[in-house]
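Taken in sequence, the protein lines are chains A and B. Just so we're aligned, residue 1101 is where the first sequence starts under the working numbering, counting upward by one. Just so we're aligned, residue 267 is where the second sequence starts under the working numbering, counting upward by one. Note that the Cβ used here is the ideal one computed from N, Cα and C, for glycine as well. In this text the structure is predicted, and so the values were computed from the model without any measurement.
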Amino acid sequence: MRFSTLIRHIREGGRNVARNGWMSFASMSSIAVSLFILGVFMLLALNVNKLADQIENQVQIRVYLKLGTEQAKIDEIKRQIGRIPEVKQVTFVSKEEGLKRLKDSLGTEGKEALEGYENENNPLPDGFDVFVFKAQTIADVAKRIGSINDTDPDQPIMGVYYGADTVKKLFRITNAVRNIGLVIVAGLAIMAMFLISTTIKMTILNRRREIGIMKLVGATNSFIRWPFFVEGALIGLGSSVITTAALLYGYSQIVSTSQYDLGLMMIELADWKDVGLPVGGTLIALGTFLGIWGSTISVRKYLKV
Amino acid sequence: MIEMHDVWKTYPDGTTALQSVNVVIDRNEFVYVVGPSGAGKSTFMKLIYREEVPSKGQISVNGFNIGKLKQRKIPFVRRNIGVIFQDFRLLPKLTAYENVAFAMEVVEAPRRQIRRRTMEALDLVGLKHRASSYPAQLSGGEQQRVAIARAIVNSPAVIVADEPTGNLDPETSWGIMKLLEEINFRGTTIVMATHNRDIVNSLRKRVIAIEKGTIVRDEQRGEYGYEI
């Protein structure tokens, strides 16, 4: 292809967008609306994911030791737990600290119940907080910590707790949210594709006559196809850029105005700068692809005349 | 220039449009194709510019065996055939100039050449001054002139005109005929299907009459020969 021909195709494609004003507008709107909904769900899914990660990261194992376990033994057990590859961090929680935490967590009402318990008559055992890399491995890690007792005749570990049921329930919920989000996003992407191919099919149908005339004066198929290709790409690119800009602007506004309220509920929204690239990149790539794909298959269908 | 040997055309719905057509049209001839509606004139024309393929027989145009032409070669044969229709078939969103230039852009001619040849073609059809008008702003006769300019801009060997005066009043029709004659005079073969008795009888040329799919008459300087 001559360079001037390529320029001509690009110019012609751009001109077609302007000339077919309403049809272009309809295509762009349908792409924009589909992409916008898709984008909203992507943001939702990303935030749910983030939330799920946050919750999962708070999952921890609490290990209690037999009362009166000596310091050497404590260090030994800490080393053993630390050697488990799935374990991210082991923190020693002395019984004094344990009491303080208990008092804090019970608040003012609980204070009465714990009245009189001070460090001298602390009924709590020493223990560890164990954090794991992946929340899914927590049950396994807990079991292995428990089995330290098997190798030690003193059986220094009094108990291992990690809220088994709560953790399981949490996983069920976060997994469900992720899967539903994925299904909705996939469904919307397919819907957007159908919408766009239909719109561009209509554009082509409107221009059947035009294509017929092009063929009559001796245009090759690729010559006819190029401007439509450019047109589809422009429509897809234009609408996805606009959608992305609107979506991210709206999202940044929501984040900045609601951060305080949600912060009280311990929810932290993902920063728009962090989600901007994956969401924007996906939308623009998908939009451009949809535009090109829609116009390409539609033109191919009507070039056989 | 155009040769048909035992050409048959049967459409998928079973109607036979042409049967055993044999014809030779030489370079630089001007031929009228006449006959009642539905006799097969349009099919005859379509076979020449490869809109239809013969069911049987051979057609060659300008040395190409166009019945056996590969799909992707068709555009290159069309570039040597200018086609004119009753309904003009201009692109409504392009100006007269752009409509004509379009036929040259398609063959990827250099821009400077496009500009020069397009203006020459518009000049020949007498529409240089309306180059920037859109088809809707032009009269029927003017639109047909633009279509003719488009047909000749690539200097084709053959012009196929399917009832070019069908939508025009007698006076305008004469203008178009003068133009076609001029183009023919400059060396282009013209095949023109028509229902216009006055034109055929006044501007005497070779007449091929088709009835019920067969050529029933083929005479030099012939007459229209049908009552309207």
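When the cut-off is 9 Å and only beta carbons count, does residue i lie next to chain A?
{"i": "Pro376 of chain B", "result": "yes"}
{"i": "Tyr315 of chain B", "result": "yes"}
{"i": "Phe368 of chain B", "result": "yes"}
{"i": "Val289 of chain B", "result": "no"}
{"i": "Glu371 of chain B", "result": "yes"}
{"i": "Arg452 of chain B", "result": "no"}
{"i": "Lys275 of chain B", "result": "no"}
{"i": "Leu356 of chain B", "result": "yes"}
{"i": "Arg416 of chain B", "result": "yes"}
Which residues in the same chain as residue i place their Cβ atom closer than 7 Å to its Cβ, once the five residues preceding and following it in sequence are excluded?
{"i": "Lys1401 of chain A", "result": "none"}
{"i": "Val319 of chain B", "result": "Gly333"}
{"i": "Lys312 of chain B", "result": "Glu318"}
{"i": "Glu429 of chain B", "result": "Gln352, Ala459, Thr460 and His461"}
{"i": "Tyr486 of chain B", "result": "Per the sequence shown, the amino acid found at residue 486 of chain B is Gln instead of Tyr. Excluding sequence neighbours, Gln486 of chain B sits near Arg472."}
{"i": "Asn288 of chain B", "result": "Met270, His271 and Asp272"}
{"i": "Lys394 of chain B", "result": "Met385 and Leu388"}
{"i": "Pro1223 of chain A", "result": "Tyr1217"}
Looking at chain B, is there any beta carbon in it that lies within less than 9 Å of the beta carbon of residue i?
{"i": "Ile1313 of chain A", "result": "yes"}
{"i": "Met1302 of chain A", "result": "no"}
{"i": "Arg1400 of chain A", "result": "no"}
{"i": "Glu1331 of chain A", "result": "no"}
{"i": "Arg1308 of chain A", "result": "no"}
{"i": "Phe1406 of chain A", "result": "Past the boundaries of the shown model lies residue 1406 of chain A; chain A is included only from 1101 to 1405, so the question cannot be answered."}
{"i": "Leu1305 of chain A", "result": "no"}
{"i": "Thr1298 of chain A", "result": "no"}
{"i": "Trp1274 of chain A", "result": "As written in the sequence, residue 1274 of chain A is Thr, which differs from the Trp given in the question. Not closer than 9 Å to any Cβ of chain B, the Cβ of Thr1274 of chain A fails to qualify, so no."}
{"i": "Val1277 of chain A", "result": "no"}
{"i": "Thr1320 of chain A", "result": "yes"}
{"i": "Val1317 of chain A", "result": "yes"}
{"i": "Met1101 of chain A", "result": "yes"}
What's the C-alpha gap between residue i and residue j?
{"i": "Val412 of chain B", "j": "Gly306 of chain B", "result": "27 Å"}
{"i": "Ser326 of chain B", "j": "Glu269 of chain B", "result": "5 Å"}
{"i": "Gly1394 of chain A", "j": "Ser1339 of chain A", "result": "14 Å"}
{"i": "Phe1294 of chain A", "j": "Ala1132 of chain A", "result": "13 Å"}
{"i": "Asp488 of chain B", "j": "Lys444 of chain B", "result": "The residue you asked about is not Asp; residue 488 of chain B is Gly in the sequence shown. Roughly 18 Å separates the two Cα atoms."}
{"i": "Val1405 of chain A", "j": "Leu284 of chain B", "result": "Note that Val1405 of chain A scores 46 on pLDDT, short of 50, meaning its location in the model is unreliable; the coordinates nonetheless yield the value given after this. If you take the alpha carbons of Val1405 of chain A and Leu284 of chain B, they lie about 21 Å apart."}
{"i": "Phe1328 of chain A", "j": "Val372 of chain B", "result": "15 Å"}
{"i": "Val1180 of chain A", "j": "Leu1202 of chain A", "result": "According to the sequence displayed, residue 1180 of chain A carries Gln and not Val. Approximately 27 Å between the Cα atoms of the pair."}
{"i": "Asn462 of chain B", "j": "Lys322 of chain B", "result": "31 Å"}
{"i": "Ile1273 of chain A", "j": "Gly1332 of chain A", "result": "41 Å"}
{"i": "Asp464 of chain B", "j": "Glu437 of chain B", "result": "11 Å"}
{"i": "Ala1286 of chain A", "j": "Ile1342 of chain A", "result": "21 Å"}
{"i": "Ala1385 of chain A", "j": "Leu1377 of chain A", "result": "11 Å"}
{"i": "Ile1304 of chain A", "j": "Ile414 of chain B", "result": "26 Å"}
{"i": "Leu1165 of chain A", "j": "Val1355 of chain A", "result": "44 Å"}
{"i": "Leu1106 of chain A", "j": "Lys1301 of chain A", "result": "24 Å"}
{"i": "Glu408 of chain B", "j": "Thr282 of chain B", "result": "36 Å"}
{"i": "Val1277 of chain A", "j": "Val1148 of chain A", "result": "7 Å"}
{"i": "Arg382 of chain B", "j": "Lys339 of chain B", "result": "27 Å"}
{"i": "Asp1250 of chain A", "j": "Gln1154 of chain A", "result": "34 Å"}
{"i": "Ala475 of chain B", "j": "Ile1311 of chain A", "result": "32 Å"}
{"i": "Arg452 of chain B", "j": "Ala367 of chain B", "result": "21 Å"}
{"i": "Glu1176 of chain A", "j": "Asp1226 of chain A", "result": "14 Å"}
{"i": "Ser1127 of chain A", "j": "Leu1347 of chain A", "result": "19 Å"}
{"i": "Gly441 of chain B", "j": "Leu390 of chain B", "result": "12 Å"}
{"i": "Met1258 of chain A", "j": "Phe1233 of chain A", "result": "24 Å"}
Residues in its own chain within less than 8 Å of residue i by CB, not counting five upstream and five downstream?
{"i": "Pro302 of chain B", "result": "Glu477 and Tyr492"}
{"i": "Leu1282 of chain A", "result": "Ala1145"}
{"i": "Glu374 of chain B", "result": "none"}
{"i": "Ser1352 of chain A", "result": "Trp1372"}
{"i": "Leu446 of chain B", "result": "Phe296, Ile414, Ile425, Ala427, Pro430, Ile456 and Met458"}
{"i": "Ile350 of chain B", "result": "Gln410, Ala413, Ile414, Ala417, Ile425, Val426, Ala427, Asp428 and Pro430"}
{"i": "Met370 of chain B", "result": "Gln379, Ile380, Arg383, Thr384, Val419 and Asn420"}
{"i": "Asp1204 of chain A", "result": "none"}
To which residues of the same chain is residue i closer than 6 Å at the C-beta, ignoring the five residues directly before and after it?
{"i": "Asn450 of chain B", "result": "Phe296 and Ile456"}
{"i": "Ile425 of chain B", "result": "Gly348, Ala417, Thr454 and Ile456"}
{"i": "Asn346 of chain B", "result": "Asn328, Pro422 and Ala423"}
{"i": "Leu1135 of chain A", "result": "Ser1340, Thr1343, Leu1383 and Gly1387"}
{"i": "Ala1152 of chain A", "result": "Thr1274"}
key: At least 3 beta-carbon pairs within less than 8 Å: the region 456-463 of chain B vs the region 289-300 of chain B   = yes
query = Name the residues in the region 336-350 of chain B whose C-beta lies less than 9 Å from a C-beta of chain A; which are they?
reply = Gln337, Arg338, Ile340, Pro341, Phe342, Val343, Arg344, Arg345, Asn346, Ile347, Gly348 and Val349
ask   = Along the region 380-412 of chain B, what residues have a CB closer than 8 Å to any CB found in chain A?
value = none
inquiry  = Using a Cβ-Cβ cutoff of 7 Å, what residues of the region 1103-1125 of chain A are near chain B? List them in chain order.
reply    = Ser1104, Thr1105, Arg1108 and Arg1119
inquiry  = Any contact between the region 1314-1328 of chain A and the region 1367-1378 of chain A? By contact I mean 3 or more CB pairs, one from each, below 8 Å.
reply    = no
request  = Closer than 7 Å, Cβ to Cβ, to anything on chain B: give me those residues from the region 1333-1351 of chain A, in chain order.
outcome  = none
query = Does the region 393-401 of chain B touch the region 350-367 of chain B, meaning 3 or more C-beta pairs lie closer than 8 Å?
reply = yes
inquiry  = Does the structure place the region 1186-1201 of chain A close enough to the region 1237-1251 of chain A that three or more beta carbon pairs sit under 8 Å?
reply    = yes
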